Amino acid sequence: MAIWDTLKRELDKAGQVAQGALDEGKLRLELHRAKQRADEAAASLGFAVYRAKAAGGELEGERYASLAANIMTAEAEIARVEREIETVKTSRAATS
Numbered sequence: 003m004a005i006w007d008t009l010k011r012e013l014d015k016a017g018q019v020a021q022g023a024l025d026e027g028k029l030r031l032e033l034h035r036a037k038q039r040a041d042e043a044a045a046s047l048g049f050a051v052y053r054a055k056a057a058g059g060e061l062e063g064e065r066y067a068s069l070a071a072n073i074m075t076a077e078a079e080i081a082r083v084e085r086e087i088e089t090v091k092t093s094r095a096a097t098s
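Under my numbering, think of the first position of the sequence shown as 3, with each following residue one higher.
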């Protein structure tokens, strides 16, 4: 019976490690998408400033605030996902 208990423990441990790797992979994909959103938000701000300057004016304060808020939101999402990845890595290292 001891061999079956040992086998079960090892299989459970392997399953936990595999689940941790899967969780980290999902988070890395989420991180990639969040970075893409941040890049798109920054590009939108840059294009808006360029268009305003090309038209001989300045970007309206409300428009700037809205576009800057999009960037800040994306950066906060990036930071959140990076923290989650570190948490998963730490728990996976503790399991190994």
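Heads up, the beta-carbon is just placed ideally off N, CA and C, and yes, glycines get one too. Keep in mind the model is a prediction, meaning the values are calculated, not measured.
Quiz item: Between VAL90 and GLY22, which are expected to be in contact by the criterion C-beta below 8 Å, what is the C-beta distance as a whole number of angstroms?
Solution: 6 Å
Quiz prompt | Cβ shell of GLU42 (< 6 Å), same chain only, five flanking positions each side left out | solution = none
Practice problem: Under 6 Å Cβ to Cβ from GLY17, same chain only, skipping five residues before and after it: list those, please. | Solution: none
Exercise. Would you mind working out which of GLN38, ARG65 and ALA40 sits nearest VAL51, comparing C-alpha positions?
Key: ARG65
Quiz prompt | ALA50, enclosing alpha helix (DSSP H) - first and last residue | solution = 4-56
Exercise. Alpha carbon to alpha carbon, how far is ARG30 from LEU13? Give it in angstroms, no decimals.
Key: 26 Å
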